[in-house]
Amino acid sequence: IFSKIKSSNSIPVIDLNKRNTKYYESYNRYVMKSFRIAFKNDYKLRWEIERVNGIMDMSFGTEYVWYVRNRNYLTFAGITVVLFNLIVLFNLFHNLPLKKISNFFGL
1 IFSKIKSSNS IPVIDLNKRN TKYYESYNRY VMKSFRIAFK NDYKLRWEIE
51 RVNGIMDMSF GTEYVWYVRN RNYLTFAGIT VVLFNLIVLF NLFHNLPLKK
101 ISNFFGL
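Under full-length UniProt numbering, residues 1 to 107 are what the sequence shown spells out, in order.
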């Protein structure tokens, strides 16, 4: 998977993994700094992605999906994103705070 990602022309949104790279730390900092400068608008998406992933982990327990046998990540991620969007819309229509996801489930 990683070799296909590296050979493609995709831009990483998340920082390089310091434990998994064969390059020096100073080179990794240089690469990520150049990414932030060159792709300033795209790099802002990192914080949004991390926030949504954190909300999904806390609210829906998605951190445990990686330990399941015979898993289908894309289907699970798609269903989770749709469910999250439905909850946000529900809270928006009923004038509830958007962050209070537990209100939707009555917890």
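The beta carbon of each residue, even a glycine, is placed where N, CA and C say it ideally should be.
> Buried or exposed: where does Ile49 fall if 16 or more other Cβ atoms within 10 Å of its Cβ makes it buried?
Replying inline: Exposed, because fewer than 16 other Cβ atoms sit within 10 Å of the Cβ of Ile49.
>> I believe Thr80 touches Met56 by the beta-carbon criterion, under 8 Å. Please report the beta-carbon distance rounded to the nearest angstrom.
In response: Their Cβ separation, rounded to whole angstroms, is 6 Å, which keeps Thr80 and Met56 in contact under 8 Å.
> Can you give the Cα-Cα distance for Asn91 and Asn85, rounded to whole angstroms?
Replying inline: Answer to the nearest angstrom: the Cα atoms are 10 Å apart.
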